[in-house]
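Worksheet for the structure shown next.
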Amino acid sequence: MTALRDKVAVVTGASRGIGKGIALALGEAGATVYLTGRTTGDGDRTIDTTARLVTENGGDGRAIQCDHFIDEQIGAVFEQVRSEAGRIDLLVNNVYKIPDPPAWGGGFWNHPLQIWDDQVGIGLRAHYVASWYAAPLLFEAGPGGAILNISSAGGQGYAFSCSYGTGKAGLDRLTADMAIELRPKGIAAIALYPGAVSTEFIIDAAKQQGMDLTNAQTPLFVGRCAAALLASDKLMERTGTIQWVEDLGEEFDVFDENGQRPPRQRERDGS
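Numbered as in this note's numbering, the sequence shown ends at 284 without a single skipped number.
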């Protein structure tokens, strides 16, 4: 598949997890993929390894180290892209920081204040900052580009903690309002809802807690659904909307690396 052969994409937070899956899938589609993260080197959870795999998959992977807590480093990412590519066709805002320890359950008063900065600072503010820097480069590419914000059903109902849900709900609203402001430029803004995904973090937790991941989406499945969406010719018809990975998998006939399509995780009425 080379549907994105001439496209330039930026994927934030792509050393592992969903970001890595999306970067690899964009590589399969032939895109040049700039990918960010803090971890470098030859390990299996680094941006350098992801970039290499993107290239091996048929794209052009380019790793840029970035701490998305620091605005200036985010700005430097897009300055490098400007210097090397001159434009951006696709921005995937994925970067996210899981608090350590994770904020699962209990009341907000039980969690350190830092989790707000982890989950809303990185999970929301950093996406706004990246989009702000990316906008002029998206405009250079002209109509047909897109910002894809990786959100979750936590934006619509309680999940994990109130700071988590606040960040996701804010990201959904950010997407909807960006869509309004970007429409005259012909640039789409879309929120993506994966289901339960077998990221490295979840796999590690499953080993400790005996979780069953049989029906989980893989990061590459999420990525292939995202790539199929971004390669479609009717992006503007979806701007401002939430797109569920499971729906995209069926619509675009997507399968994961095991030749499987994970079962639906919600009812068809959208509940």
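Glycine is no exception: its CB is placed at the ideal position from the N, C-alpha and C atoms.
Quick one: what's got a C-beta closer than 6 Å to residue i's C-beta in the same chain, skipping five residues either side?
i: MET191; result: ALA202
i: ALA219; result: LEU226
i: THR68; result: GLY74
i: ARG274; result: GLY262 and PHE268
i: GLY253; result: ALA189 and ALA192
i: GLY168; result: LYS181, ALA182 and ASP185
i: ASN228; result: PRO275 and PRO276
Are the Cβ atoms of residue i and residue j separated by less than 7 Å?
i: GLY71; j: ILE60; result: no
i: ALA22; j: ALA44; result: yes
i: GLY158; j: LEU151; result: yes
i: ILE35; j: ALA182; result: no
i: ALA241; j: PHE265; result: yes
i: GLY180; j: GLN132; result: yes
i: VAL267; j: PRO207; result: no
i: LEU104; j: ALA139; result: no
i: TRP129; j: SER176; result: yes
State the CB to CB distance for the pair residue i and residue j, rounded to an integer number of angstroms; the pair is presumed to be in contact (CB under 8 Å).
i: PRO197; j: THR212; result: Not a contact, Cβ separation roughly 37 Å.
i: GLY262; j: ALA38; result: Actually they do not touch by this definition, with Cβ atoms about 12 Å apart.
i: ASP185; j: ALA209; result: Not quite, the Cβ-Cβ distance comes to about 19 Å (not below 8 Å), so this is no contact.
i: SER144; j: ILE160; result: 6 Å
i: SER165; j: PHE121; result: Between PHE121 and SER165 the Cβ distance is about 18 Å, and since that is not below 8 Å, they are no contact.
i: LYS110; j: ILE83; result: Contact flag wrong, Cβ pair sits at about 13 Å.
i: THR25; j: VAL108; result: 4 Å
i: MET249; j: GLY199; result: 7 Å
Return helix, strand or coil for residue i, following the three-state DSSP convention.
i: THR254; result: coil
i: VAL21; result: strand
i: ASN106; result: strand
i: VAL235; result: helix
i: ILE31; result: helix
i: GLN230; result: strand
i: ASP269; result: coil
i: ASP282; result: Residue placement at ASP282 is flagged as unreliable, the pLDDT there being 43, under the threshold of 50; the coordinate-derived value follows with that caveat. In this structure, ASP282 counts as coil in the three-state DSSP scheme.
i: ARG75; result: strand
i: THR179; result: helix
i: TYR141; result: helix
i: THR15; result: coil
i: ILE163; result: strand
i: ILE216; result: helix
i: TYR47; result: strand
i: ILE135; result: helix
i: ALA5; result: Outside the displayed range of the chain (14 to 284) lies residue 5, so it cannot be described from this structure.
i: TYR146; result: helix
i: TRP129; result: helix
i: GLU264; result: helix
When burial is assigned at 16 or more other CB atoms within 10 Å of the CB, is residue i buried or exposed?
i: GLY99; result: exposed
i: PHE234; result: buried
i: ASN106; result: buried
i: SER96; result: exposed
i: ILE216; result: exposed
i: THR62; result: buried
i: THR15; result: exposed
i: ARG18; result: exposed
i: GLY119; result: exposed
i: ARG279; result: exposed
i: LYS247; result: exposed
i: GLY30; result: buried
i: GLU194; result: exposed
Excluding the five sequence neighbours on either side, which residues of its own chain have a C-beta within less than 7 Å of the C-beta of residue i, listed in chain order?
i: GLN86; result: CYS79 and ASP80
i: ALA64; result: LEU48, GLY74, ARG75 and ALA76
i: MET224; result: ALA218
By Cβ distance below 8 Å, which residues in the same chain neighbour residue i in space, the five residues on each side in sequence not counted?
i: GLN127; result: PRO112
i: TYR141; result: LEU187
i: GLN93; result: TYR47 and ILE77
i: PHE91; result: VAL23, ILE101, ALA143, TYR146, ALA147 and LEU150
i: ALA154; result: VAL21, ARG100, ILE101 and ASP102
Please tell me whether, using a cut-off of 6 Å, the distance from the CB of residue i to the nearest non-hydrogen atom of the ligand MG is below it.
i: ARG279; result: Questions concerning the ligand MG fall outside what the structure shown contains, since it holds no ligand whatsoever.
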